[in-house]
Amino acid sequence: MIKFTISGRLPSLNDYINVCRHNKYKAATFKKRIDTQIISEIRKQRIGKAKTPVYIEFLWVEKDRRRDLDNIYSGKKYILDALQTAGVIPNDSQKYVMGLVDTVAFDKANPRVEVTIYEE
């Protein structure tokens, strides 16, 4: 089992769509910034390579109930891409990632995403 935490909350799908509507180049920069933030957290917490295939559990700790679940869960894209770029998993295809589980909790003072990777 591998576990790490991403501080704060990730942008929603609506946030990303709004950036895309304004400028496709800004959208690429936007995604790159989020990927870099997550990769930095992975490296800071010394997350090594996982034995694949894996199941990944996401605990989305939100500050309140304002965001729709689908917008919260869209953050998986950023996390899976970052795991691949950081070398934790070779790819985020179904060959290496067998399942994803989402749970939401609330903590006004400490929003975050807790990611647990279960190696098969």
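Residue 1468 in the numbering used here sits at position 29 of the sequence shown; the count goes up by one each step and never skips.
Note that beta-carbon positions come from the ideal geometry of N, C-alpha and C, so glycine has one too.
Residues sharing a beta bridge with Met1538, DSSP: One detail in the question is off: residue 1538 reads as Gly in this sequence, not Met. DSSP lists Tyr1494 as partners of Gly1538.
Limits of the unbroken beta strand (DSSP E) element including Glu1553: Arg1551 to Glu1558
Of the residues Asn1510, Val1493 and Val1540, the one placed nearest Phe1523, counting alpha carbons only: Reading the sequence as shown, one finds Gln at residue 1523 and not Phe. Here the closest residue by C-alpha is Val1493.
Cβ distance (whole Å) where Ile1495 is taken to contact Leu1449 below 8 Å: About 15 Å; that fails the 8 Å criterion.
Check whether Asn1510 and Ser1451 have beta carbons under 8 Å apart: yes
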